[in-house]
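In our numbering, the protein residues as written are 13 to 143.
As structure tokens, this is what we get:
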């Protein structure tokens with residue numbers, strides 16, 4: 013996918029892209045600030061006559077995405093949430109965020125006891141190097 017398809021998609025109101033393929037004309041994508049996830053960058057042009065389908069399940073890196081799924085992405089990657097599960101997933105994500113914020117605060121305050129990690133490693137036979 014390149015800058016011409018990007019311009020057309022922006023004109024149509026597309027909110028972002030997830031590609032199981034490569035981008036070209038990378039500067040054009042950077043200039044739009046449109047969320048774009050791809051597996052790489054190439055100098056080569058696209059096929060003009062397929063293959064491709066619309067409104068059918070797809071598999072991206074082992075993750076099945078169904079038509080209508082919500083797509084979320086950040087610098088770490090992309091995930092798909094079935095629309096019917098969106099509210100449940102949102103509540104779980106919010107609870108996880110609160111939990112991790114508390115843990116991060118404890119770490120910064122020096123109050124996080126991680127001795128359980130050493131014990132778990134020792135019981136599995138791992139050698140611990142202490143500095």
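Positions of the beta carbon are idealized from the N, C-alpha and C atoms, including for glycine.
Taking a contact to require three or more Cβ pairs closer than 8 Å, the stretch 108 to 115 and the stretch 76 to 93 do not qualify as touching. For residue 66, there is no enclosing alpha helix (DSSP H), since its DSSP letter is neither H nor E. In this structure residue 36 is buried. Its beta-carbon is surrounded by 16 or more other beta-carbon atoms within 10 angstroms. Apart from the 5 residues on each side of it in sequence, residue 14 sits with its Cβ closer than 8 Å to the Cβ of 35, 36, 37, 40, 57, 58 in its chain, given in chain order.
Residue 106 has its alpha-carbon roughly 34 Å from the corresponding atom of residue 23. Residues of the same chain with a CB within less than 7 Å of the CB of residue 44, apart from the 5 flanking positions on each side, are 18, 22 in chain order.
Approximately 5 Å separates the beta-carbon atoms of residue 30 and residue 49; this is inside 8 Å, confirming the contact.
Annotation: residue 77 to residue 142 spans about 45 Å, alpha carbon to alpha carbon. Along the stretch 44 to 131, the alpha helix (DSSP H) occurs as fully enclosed runs of 4 or more residues at 98 to 120, listed in sequence order. A straight-line Cα-Cα distance of about 17 Å links residue 85 and residue 79. By the Cβ neighbour-count rule, residue 130 is exposed, with fewer than 16 other Cβ atoms within 10 Å of its own.
In the structure shown, residue 34 adopts extended strand secondary structure according to DSSP, grouped into three states. For residue 19, the enclosing alpha helix (DSSP H) stretches over residues 15 to 24. With respect to the 7 Å criterion, residue 28 and residue 46 are classified as neighbours on the basis of their beta carbons.
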